[in-house]
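Trainee:
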Amino acid sequence: MPTTTVEASNLGKRFKDTAALDGFSITAEAGTVLGLLGPNGAGKTTTVRILSTLLRFDTGSASVAGFDVSRDARQVRRRIGLTGQQTAVDEVLTARQNLILFGKLFRLNKSRAGERADQLLTQFGLTEAANRQAKGFSGGMKRRLDLAASMILAPQVLFLDEPTTGLDPAGRREVWDAVEGLAADGTTVVLTTHYLDEADRLCDRIAVIDHGRNLVDDTPAGLKRRMGADRLEIIAADPADLPALREIIASVADGDTVLDEGASSVSAPVKDPVPALTAAATAVQDKRLTVADIGLRRPTLDEAFLELIAKEDQ
Amino acid sequence: MTTLAPLPDETLAGRLKWTLHDYRAIVGQEFTHLVRQPVNFAWQLGFPIVMVLLFVYVFGSAMDVTGEGAGVDYVAYAMPGMFAMTMAFGFTNTAWAVAEAKQKGFIDRVRSMPMASSAVVVGRNIADTIHAAVDLFVLFVIALVIGWRSEGTFWETLGAFALLLWLRFALIWVGVWLGLLVKSVDQAGNLFAIAFPFGMVSSVFTPPELMPGWLGAIAAWNPVSATATAIRELFGNPAAVGSSWPEQHALTAAILWPVIITAIFLPLGVRKFQNLGR
Numbered sequence: 001m002p003t004t005t006v007e008a009s010n011l012g013k014r015f016k017d018t019a020a021l022d023g024f025s026i027t028a029e030a031g032t033v034l035g036l037l038g039p040n041g042a043g044k045t046t047t048v049r050i051l052s053t054l055l056r057f058d059t060g061s062a063s064v065a066g067f068d069v070s071r072d073a074r075q076v077r078r079r080i081g082l083t084g085q086q087t088a089v090d091e092v093l094t095a096r097q098n099l100i101l102f103g104k105l106f107r108l109n110k111s112r113a114g115e116r117a118d119q120l121l122t123q124f125g126l127t128e129a130a131n132r133q134a135k136g137f138s139g140g141m142k143r144r145l146d147l148a149a150s151m152i153l154a155p156q157v158l159f160l161d162e163p164t165t166g167l168d169p170a171g172r173r174e175v176w177d178a179v180e181g182l183a184a185d186g187t188t189v190v191l192t193t194h195y196l197d198e199a200d201r202l203c204d205r206i207a208v209i210d211h212g213r214n215l216v217d218d219t220p221a222g223l224k225r226r227m228g229a230d231r232l233e234i235i236a237a238d239p240a241d242l243p244a245l246r247e248i249i250a251s252v253a254d255g256d257t258v259l260d261e262g263a264s265s266v267s268a269p270v271k272d273p274v275p276a277l278t279a280a281a282t283a284v285q286d287k288r289l290t291v292a293d294i295g296l297r298r299p300t301l302d303e304a305f306l307e308l309i310a311k312e313d314q
Numbered sequence: 001m002t003t004l005a006p007l008p009d010e011t012l013a014g015r016l017k018w019t020l021h022d023y024r025a026i027v028g029q030e031f032t033h034l035v036r037q038p039v040n041f042a043w044q045l046g047f048p049i050v051m052v053l054l055f056v057y058v059f060g061s062a063m064d065v066t067g068e069g070a071g072v073d074y075v076a077y078a079m080p081g082m083f084a085m086t087m088a089f090g091f092t093n094t095a096w097a098v099a100e101a102k103q104k105g106f107i108d109r110v111r112s113m114p115m116a117s118s119a120v121v122v123g124r125n126i127a128d129t130i131h132a133a134v135d136l137f138v139l140f141v142i143a144l145v146i147g148w149r150s151e152g153t154f155w156e157t158l159g160a161f162a163l164l165l166w167l168r169f170a171l172i173w174v175g176v177w178l179g180l181l182v183k184s185v186d187q188a189g190n191l192f193a194i195a196f197p198f199g200m201v202s203s204v205f206t207p208p209e210l211m212p213g214w215l216g217a218i219a220a221w222n223p224v225s226a227t228a229t230a231i232r233e234l235f236g237n238p239a240a241v242g243s244s245w246p247e248q249h250a251l252t253a254a255i256l257w258p259v260i261i262t263a264i265f266l267p268l269g270v271r272k273f274q275n276l277g278r
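Each protein sequence line maps, in turn, to chains B and S.
Number 314 marks the last residue of the first sequence (full-length UniProt numbering); no jumps.
Number 278 marks the last residue of the second sequence (full-length UniProt numbering); no jumps.
1) Over what stretch of residues does the beta strand (DSSP E) that includes residue 13(B) continue unbroken?
2) Taking only beta carbons into account, state which residues of the segment 105-129 of chain S come closer than 8 Å to chain B, listed in chain order.
3) With a cut-off of 8 Å on the beta carbons, I'd call residue 43(B) and residue 20(B) a contact; round off their distance for me.
4) Note down the Cα distance separating residue 8(B) from residue 52(B), rounded to an integer number of angstroms.
5) Considering only DSSP beta bridges, list what residue 295(B) is partnered with.
6) Locate the alpha helix (DSSP H) running through residue 151(S), then write down its first and last residues.
7) Any C-beta of chain S sitting closer than 8 Å to the C-beta of residue 77(B)?
8) Quick one: is residue 37(S) buried, meaning 16 or more other Cβ sit within 10 Å of its Cβ, or exposed?
9) Looking at chain S, which residues of the segment 46-69 of chain B have a Cβ within less than 9 Å of any of its Cβ atoms?
10) Return no unless some Cβ of chain S is closer than 8 Å to the Cβ of residue 19(B).
11) Thinking C-alpha only, which one of 84(B), 89(B), 47(B) and 86(B) is nearest residue 69(B)?
12) Can you name the residues of chain B whose CB is closer than 8 Å to the CB of residue 29(S)?
13) Any idea if residue 247(B) is buried or exposed, counting beta-carbon neighbours within 10 angstroms, 16 or more meaning buried?
14) Can you pull the chain B residues whose beta carbon is under 8 Å from the beta carbon of residue 278(S), in chain order?
15) Starting from residue 199(B), trace the beta strand (DSSP E) in both directions and tell me its first and last residue.
16) Chain B partners of residue 33(S), CB-CB under 9 Å?
17) Hey, is the segment 137-155 of chain S in contact with the segment 209-226 of chain S, meaning 3+ C-beta pairs nearer than 8 Å?
18) Kindly list, in the order they appear in chain S, the residues whose Cβ is closer than 7 Å to that of residue 80(B).
19) Among the candidates 189(B), 182(B) and 154(B), whose CA atom is the shortest distance from the CA of residue 160(B)?
20) Output yes if chain B places a C-beta closer than 8 Å to the C-beta of residue 15(S); else output no.
21) Against residue 37(S), what residues of chain B qualify as contacts under a CB-to-CB distance less than 8 Å, listed in chain order?
22) Comparing alpha-carbon positions, which option in 133(S), 259(S), 198(S) and 90(S) lies nearest residue 176(S)?
23) Please list, in chain order, the residues of the segment 165-179 of chain B that have any C-beta partner in chain S closer than 9 Å.
24) Between 24(S), 47(S) and 32(S), which has its C-alpha nearest residue 120(S)'s C-alpha?
25) Taking only runs that begin and end inside the segment 147-183 of chain B, name each unbroken beta strand (DSSP E) of 3 or more residues, in chain order.
26) Quick one: is residue 102(S) buried, meaning 16 or more other Cβ sit within 10 Å of its Cβ, or exposed?
27) Please confirm whether residue 18(S) has its beta-carbon closer than 8 Å to some beta-carbon of chain B.
28) Which residues of chain S have a Cβ atom closer than 8 Å to the Cβ of residue 84(B), listed in chain order?
29) Please confirm whether residue 73(S) has its beta-carbon closer than 8 Å to some beta-carbon of chain B.
30) Nearer than 7 Å: is that true of the beta carbon of residue 171(B) relative to any heavy atom of the ligand NAP?
31) Given that residue 186(S) touches chain B, what residues does it touch there, using C-beta distances under 9 Å?
32) Evaluate the contact criterion for the segment 144-155 of chain B versus the segment 108-120 of chain B: three or more CB pairs, one atom per stretch, below 8 Å.
33) By a C-beta neighbour count over all protein chains shown, 10 Å radius and 16 as the cutoff for buried, is residue 125(S) buried or exposed?
34) Taking the alpha-carbon positions, what's the residue 74(B) to residue 258(B) distance?
35) Which residue from 144(B), 165(B), 172(B) and 40(B) puts its Cα closest to that of residue 211(B)?
36) Kindly list, in the order they appear in chain B, the residues whose Cβ is closer than 9 Å to that of residue 99(S).
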């Protein structure tokens, strides 16, 4: 039977006049990756800060690794790792000195801290850079060092706040590989992200949060289904053709057709993208209309959020 | 996987032992910085050294602080002031370091760890005080080279340096509080605008008596002046003492001011630190 290592229910947190969290709940089983997905200001970072004992909350309850976050903060701290939005490594120190420093602060003795540093340097592929100052590291290397520092006590739960923001594609892949390795070894990972592809690749479950409330909790596959189909879009060469193009799209659409006069475009979701595109293209030709562009688009995360939020409001 | 040892700090003694261990780790980190970045260290000292050279050699020849003519005994007057000013400016280094640790998420990381979170602040204080002692030593050697001498006994001289560190120690709490207060490292850099008048509107370079009345009063009551005047007396250097209470009781004032500063800013800093969790 899977054990629940992260459980937060009905969390509420106010900063002065704004409610950062307004009854947010999540759970994560041991060894799984839970993604918190949402727009800026949705409450992702607040949730991570509460669960990692950095921030008190007003209402609700939260337990991590079996301990109450507010009552047993010290017990929780011995069982978690945190990597915040900034890489909190000491750039003046070498990679190895950093890990030894954090090892000591996790209260390992000197020789144990050294051993653990070497293990982690190997695990995160930093052996060659071990004795170089972190200052000269690439973004991906710094992030990996940061991750290694939060892994010193082999935490049961690891919190990652936007672990790949600002990294180049190679750096992102390095971090993803590291996170996947950790989860495979039994660590529960809770991460926040803006990127749908990142959530898709890493997460077992995704909690979509907006205005501090749960919007959707689902698997990546389920979420994508909810986020709707591909969209067929036509951009008119002459705005006067827009009504005619709208009719064409409506005839193949599986949902509401949206007309954007500013962009001279009409679009609608389609379930079977290729036949829909072919049919629409044929209709355009038959009516001898000229268009600037016709094509299929995957929904962007923004659209997905708008759609989810719109559904929520109904 | 590393197995979890039982909490080593369940007893009070164990907790104390580990807290000291945490302080040592943070102080050790600061010293690695010092060793790894001698250039930074040199830059921080560069300012007082340039000031010494400017005031002693450029302006000094025109300064008549003893009433015996321009330039007479100016080195003997200005050098203790320079020591005091260096201590006074030091809080900006503290504030900058704290602001950086906060902005970079270092303080958050440490707060999420099972260590004594006070180590960030207390370790900082210990490291900065030792750092200041090194600063003073370097300035002391430079002072000897340009001809300054302490006329006091060994113990008086040592006492003077203790008073200087006492001021610096108190101002570290101001630095910690300001470092937590400012929003970014950039803002911490601007604190120099506060440090400058705080260090200069004092008896550091000129006797408050020679300033316009209101400014002289501020300068006379400035904690930096109290320390500067007190150490001048201990060093046996000319002090050009005015009639105000702190100038007449410089030694008492130099001991009391840091007590008052600590009493105000230590609790403010601690509260600011605790409020990080709000």
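Glycine included, C-beta positions come from ideal geometry on N, C-alpha and C.
Mentor: Concretely, from the data shown:
1) Working through the first sequence from its first residue, we reach residue 13(B) at position 13. Per DSSP, residue 13(B) belongs to the beta strand (DSSP E) from 4-15.
2) 105, 106, 108, 109, 110, 111, 112, 113, 114, 115 and 119
3) In the first sequence, counting from the first residue as 1, residue 43(B) sits at position 43. In the first sequence, counting from the first residue as 1, residue 20(B) sits at position 20. Right, the Cβ-Cβ distance comes to about 5 Å (below 8 Å), so this counts as a contact.
4) The count along the first sequence starts at 1 and reaches residue 8(B) at position 8. The count along the first sequence starts at 1 and reaches residue 52(B) at position 52. The straight-line gap separating the alpha-carbon atoms of residue 8(B) and residue 52(B) is approximately 12 Å.
5) The sequence position of residue 295(B) within the first sequence is 295, counting from 1. Bridge partners of residue 295(B): 233(B).
6) Indexing the second sequence from 1 puts residue 151(S) at position 151. Run containing residue 151(S): none; DSSP gives neither H nor E here.
7) Locating residue 77(B) in the first sequence gives position 77, where the first residue counts as 1. Yes, because at least one Cβ of chain S sits closer than 8 Å to the Cβ of residue 77(B).
8) The sequence position of residue 37(S) within the second sequence is 37, counting from 1. Exposed, by the Cβ-count rule.
9) 49, 52, 53, 54, 55 and 56
10) Counting from 1 along the first sequence, the entry for residue 19(B) is found at position 19. At a cut-off of 8 Å between beta-carbon atoms, residue 19(B) makes no contact with chain S.
11) Here residue 69(B) corresponds to residue number 69 of the first sequence, with the count starting at 1. Comparing alpha-carbon positions, the option among 84(B), 89(B), 47(B) and 86(B) lying closest to residue 69(B) turns out to be 47(B).
12) Start at 1 with the first residue of the second sequence, and residue 29(S) comes out as number 29. 90, 93 and 101, listed in chain order.
13) The residue labelled residue 247(B) in the question sits at position 247 within the first sequence. By the Cβ neighbour-count rule, residue 247(B) is exposed, with fewer than 16 other Cβ atoms within 10 Å of its own.
14) Locating residue 278(S) in the second sequence gives position 278, where the first residue counts as 1. Under the 8 Å cutoff, chain B gives 55 and 56.
15) By one-based count along the first sequence, residue 199(B) stands at place 199. No beta strand (DSSP E) holds residue 199(B); the alpha helix (DSSP H) holding it covers 196-202.
16) In the second sequence, counting from the first residue as 1, residue 33(S) sits at position 33. By Cβ distance, chain B contributes 90, 92 and 93.
17) no
18) Locating residue 80(B) in the first sequence gives position 80, where the first residue counts as 1. The contacting residues are 112.
19) Position 160 of the first sequence, counted from the start, is the residue given in the question as residue 160(B). Residue 189(B) is the option with its Cα nearest to residue 160(B).
20) In the second sequence, the residue the question calls residue 15(S) occupies position 15. Taking Cβ atoms only, chain B never reaches closer than 8 Å to residue 15(S), which makes this a no.
21) In the second sequence, residue 37(S) corresponds to position 37, counting from 1. Chain B residues near residue 37(S): 92.
22) As a working mapping, residue 176(S) is identified with position 176 in the second sequence. Per the Cα distances, 90(S).
23) none
24) Reading the second sequence from its first residue, position 120 is the one you call residue 120(S). Out of 24(S), 47(S) and 32(S), 24(S) has the C-alpha closest to the C-alpha of residue 120(S).
25) Here the runs fully enclosed are 157-161.
26) For the purposes of this step, residue 102(S) is identified with residue 102 of the second sequence, where counting begins at 1. It counts as buried.
27) Residue numbering aside, residue 18(S) sits at position 18 when the second sequence is read from its first letter. Contact of residue 18(S) with chain B is assigned, a C-beta pair being separated by under 8 Å.
28) Taking the first sequence and counting its residues from 1, the one referred to as residue 84(B) is at position 84. Going along chain S in sequence order, the residues near residue 84(B) (Cβ under 8 Å) are 105, 108 and 109.
29) Translated into the one-based positions of the second sequence, residue 73(S) becomes position 73. No, because no Cβ of chain B sits closer than 8 Å to the Cβ of residue 73(S).
30) In terms of ligand content, the structure shown is empty, and the ligand NAP therefore cannot be addressed.
31) Numbered from 1 along the second sequence, position 186 holds the residue referred to as residue 186(S). What residue 186(S) touches in chain B: nothing, since even the nearest Cβ is about 15 Å away.
32) yes
33) Locating residue 125(S) in the second sequence gives position 125, counting from the first residue. Result: buried.
34) Residue 74(B) sits at position 74 when you count from the first residue of the first sequence. Residue 258(B) sits at position 258 when you count from the first residue of the first sequence. For residue 74(B) and residue 258(B), the distance between alpha carbons rounds to 53 Å.
35) As a working note, residue 211(B) is residue 211 in the first sequence. Of the listed residues, the one whose Cα sits closest to residue 211(B) is 40(B).
36) Indexing the second sequence from 1 puts residue 99(S) at position 99. None at all; the shortest Cβ gap to chain B is about 13 Å.
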